[in-house]
Amino acid sequence: MDERKGRLTKDGIRIYQDADHAGMHAAGKLAATILDDIAQHVFVGQTTGEIDRIITQMVEDAGARSATIGYKGYQHASCISMNHVVCHGIPGDKKLKDGDILNIDVTVIVDGWFGDTSRMYVAGKLSRKSERLIQVTHDALFKGIEAVKPGNTFGDIGYAIQTYVEAHRMSVVRDFCGHGLGRVFHAPPNVLHYGRAGTGPVLEEGMFFTIEPMVNLGRPETKVLADDWTAVTRDKSLSAQFEHSVGITANGVEIFTLSPAGTFHPTYGE
Ligand code: MF3
Ligand code: CO
Ligand code: CO
200 MDERKGRLTK DGIRIYQDAD HAGMHAAGKL AATILDDIAQ HVFVGQTTGE IDRIITQMVE
260 DAGARSATIG YKGYQHASCI SMNHVVCHGI PGDKKLKDGD ILNIDVTVIV DGWFGDTSRM
320 YVAGKLSRKS ERLIQVTHDA LFKGIEAVKP GNTFGDIGYA IQTYVEAHRM SVVRDFCGHG
380 LGRVFHAPPN VLHYGRAGTG PVLEEGMFFT IEPMVNLGRP ETKVLADDWT AVTRDKSLSA
440 QFEHSVGITA NGVEIFTLSP AGTFHPTYGE
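Have a look at this one:
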């Protein structure tokens, strides 16, 4: 038993044990598989409520549990955030229209481990400006992931994401962040998608967390609608998001929520 493992850091971040990676891998794989399989159900005329119903069934069929049903009163197995919705969009009976872009975010619990991932989808034909937003957001997530290795800091992750996004004249949302996870859904630290290099807690082997940048074509400010969940861009500009759950290994990073079908990016394989 390694005494450095299974403790909390001074910032309250849990250091998981080597064997725990397998639990996260299983949970992450199920969440990613559900996002792979839901792609065929995203089309013009489909409702987000029906997509969520199918996801609920997929979680049940896998013998797993949804982490979001019952979470702070939330009642759905997914968040579906369309167009200018930044995150926490509530599935409903609105039909998808040609050119709508949507983020589907699923968190499952498998044997007590949490797998949390989201990606972008399109109904019908993708416009050039939506395609650009989705590409930059996807690549920004991977800029963040590339900064994950022992000895770097959480500020290095935020810095990598922010500089990449702003170089493309888009903006990073400040009002929502990634989070530690593992045997719990949301734990320290807050994983900011902006910041200064070299600041924040030092990254250590055994930390598990999400990186989930939200990127807007316009300004970064958001507001939450009267339903107390739906976050939208204040300037109504389009927003996109991608999320992976990751763990720090001895010399780098393990992505728990890799797409088994290789379809994490919506236009791959076309
Ligand atoms: N999956 C979201 C995240 O990335 C959290 C959704 S909480 C919900 O952290 F209640 F809105 F579903
Ligand atoms: Co998350
Ligand atoms: Co999520």
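My numbering puts the first residue of the sequence shown at 200, with every later residue one more than the last.
No residue lacks a Cβ here, since even glycine has one placed at the ideal position from N, Cα and C.
All figures in this text were calculated on a predicted structure; none of them were measured in a lab.
Give me the Cα-Cα distance between residue i and residue j, rounded to the nearest whole angstrom.
| i | j | result |
| --- | --- | --- |
| Q361 | G397 | 14 Å |
| R264 | G298 | 32 Å |
| G205 | A225 | 20 Å |
| V347 | A218 | 20 Å |
| G357 | H392 | 4 Å |
| F242 | Y320 | 9 Å |
| I279 | K294 | 12 Å |
| F168 | V258 | In the structure as shown, the chain begins at 200 and stops at 469. Residue 168 is therefore absent and cannot be evaluated. |
| D310 | G350 | 31 Å |
| E249 | A449 | 42 Å |
| C286 | T429 | 7 Å |
| R373 | I253 | 32 Å |
| P400 | P465 | 33 Å |
| E442 | N415 | 15 Å |
| F353 | K328 | 30 Å |
| G446 | L301 | 26 Å |
| G244 | G323 | 10 Å |
| S370 | M281 | 17 Å |
| D427 | A339 | 28 Å |
| A439 | L332 | 7 Å |
| Q216 | E453 | 14 Å |
| R213 | M223 | 14 Å |
| A386 | G405 | 14 Å |
| K296 | S326 | 13 Å |
| D260 | K422 | 36 Å |
Please determine, among the options, the residue with the shortest C-alpha to C-alpha distance to residue i.
| i | options | result |
| --- | --- | --- |
| F463 | L207, F341 and L380 | F341 |
| I303 | T456, M223, D310 and T316 | T316 |
| A221 | G248, V258 and R382 | R382 |
| D210 | E403, D426 and E259 | E403 |
| Y458 | D236, T208 and D219 | Sequence inspection shows Ser at residue 458; the Tyr mentioned does not correspond to that position. Selected option, being the one with the closest Cα: D236. |
| H337 | R318, V347 and I254 | R318 |
| Q274 | I289, A261, G244 and M281 | I289 |
| I233 | E453, F353 and V307 | V307 |
| A276 | N282, T255 and V452 | T255 |
| G451 | A238, V335 and E345 | E345 |
| S444 | C376, A460, T208 and A425 | C376 |
| S436 | G417, A261 and S326 | G417 |
| H283 | K228, A425 and T432 | T432 |
| D478 | G269, T267 and T247 | Since the displayed the chain opens at 200 and closes at 469, residue 478 lies outside it and no answer follows. |
| G394 | Q239, V364 and L229 | V364 |
| W312 | A266, G405, I410 and E411 | A266 |
Would the C-beta of residue i count as close to ligand 1, meaning under 7 Å from any of its heavy atoms?
| i | result |
| --- | --- |
| W428 | yes |
| K204 | no |
| D251 | no |
| H287 | yes |
| K271 | yes |
| T306 | yes |
| T267 | yes |
Would the beta-carbon of residue i be found less than 7 Å away from any heavy atom of ligand 2?
| i | result |
| --- | --- |
| E259 | no |
| D374 | no |
| G446 | no |
| H378 | yes |
| T409 | yes |
| E365 | no |
Run the proximity test for residue i: is its beta-carbon closer than 7 Å to any non-hydrogen atom belonging to ligand 3?
| i | result |
| --- | --- |
| D236 | no |
| D315 | yes |
| E442 | yes |
| T247 | no |
| T456 | no |
Residue i: beta carbon under 7 Å from a heavy atom of ligand 4?
| i | result |
| --- | --- |
| R206 | Ligands in the displayed structure: ligand 1, ligand 2 and ligand 3; ligand 4 is not one of them. |
Check the Cβ-Cβ distances between residue i and every residue of chain C, and say whether any is below 8 Å.
| i | result |
| --- | --- |
| F313 | Note that chain C does not occur in the displayed structure, where there is just one protein chain. |
message: At 3 residues or longer, what runs of the beta strand (DSSP E) sit wholly inside the stretch 386–413?
response: 386–390 and 407–410
- prompt: Unbroken beta strand (DSSP E) runs of length 3 or more, entirely within the stretch 259–346: which are they?
  reply: Correct list: 277–281, 284–286, 300–309 and 312–321.
query: Where in the stretch 419–457 do unbroken runs of the beta strand (DSSP E), each at least 3 residues long, occur, reported from the N-terminal end onward?
result: 421–423, 430–432, 438–440, 443–447 and 452–454
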